[in-house]
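Only one structure is covered here, and it is reproduced in the block below.
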Amino acid sequence: GAVVSQHPSWVICKSGTSVKIECRSLDFQATTMFWYRQFPKQSLMLMATSNEGSKATYEQGVEKDKFLINHASLTLSTLTVTSAHPEDSSFYICSGGLRGLTDTQYFGPGTRLTVL
Amino acid sequence: AQKVTQAQTEISVVEKEDVTLDCVYETRDTTYYLFWYKQPPSGELVFLIRRNSFDEQNEISGRYSWNFQKSTSSFNFTITASQVVDSAVYFCALSEVTGNQFYFGTGTSLTVIP
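Chains as they are written, first to last, in my numbering: chain B, 6 to 121; chain F, 12 to 125.
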């Protein structure tokens, strides 16, 4: 199957700093990328959907100014958590898919963010 | 309303026992896809199966089997002769053609006791 990588796999930062997480589709072109957040012992919650070259669509309750998503190319999407706070500590997972094909979504390994 | 319901939050079984994880879904689409993923402690989602709504055949893959019943909107997952390595959180997910996102259930945490 197609491979999606995430970098970094884990990050610890101080409160108030910004953190960037990269999501890359290694062997396919992901026209759509999804960002999920997963708190301990909870399910994955979709944060936003981004199509290459256009602005991301955020789910209700997700602050777009805090979670900046850029999907500038067909193989790279980035999520920047701005002015991170301890409550942003979570497991962030991205996935790549092909626009219009809902059965093809390939998940990255996740990034564990800890904000001190 | 929850589109995917996994009523079992936690299950513990003794090694070699069979275990069934339940998944009930809700959708108005006639075409949709159902998935099962395994999430071990490392966190990475491991794809197990995808089933489209037109294929109601049950599937067996080694110790894993899936029972898809459209009449009851269920897509249950059975592990036969469970092993300690099966310990993980298992997620059922639904993808609708009319949208473009996955709906995940709340997950079932399976612990296999040696």
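The beta-carbon is built from N, C-alpha and C at its ideal position, and this holds for glycine as well.
- Message: When you compare the CB of E37/F with every CB in chain B, is at least one pair closer than 8 Å?
- Response: no
- Query: Taking the alpha-carbon positions, what's the T80/B to T36/B distance?
  - Reply: 8 Å
- Is any heavy atom in the ligand MN found nearer than 7 Å to the beta carbon of R39/F? This structure simply doesn't include the ligand MN, nor any ligand for that matter.
- Where do the ends of the beta strand (DSSP E) carrying T31/F lie? V30 to L32
- Query: Under 9 Å Cβ-Cβ, which residues of chain B neighbour F86/F?
  - Reply: Those do not exist, as F86/F stays about 14 Å from chain B at its closest Cβ, beyond 9 Å.
- How about F7/F and A99/F: are their beta carbons less than 8 Å apart? Lying outside 12 to 125, the shown extent of chain F, residue 7/F is not represented and no answer is given.
- Mind listing, in chain order, the continuous alpha helix (DSSP H) runs of no fewer than 4 residues lying wholly within the stretch 6 to 69 of chain B? none
- In chain B, what lies closer than 8 Å to Q112/F by C-beta? F39, L51, T54 and T107
- Message: I'd like the span of the beta strand (DSSP E) that includes G54/F, first residue to last.
- Response: Looking at the DSSP string, G54/F is not in any beta strand (DSSP E), and its letter there is neither H nor E.
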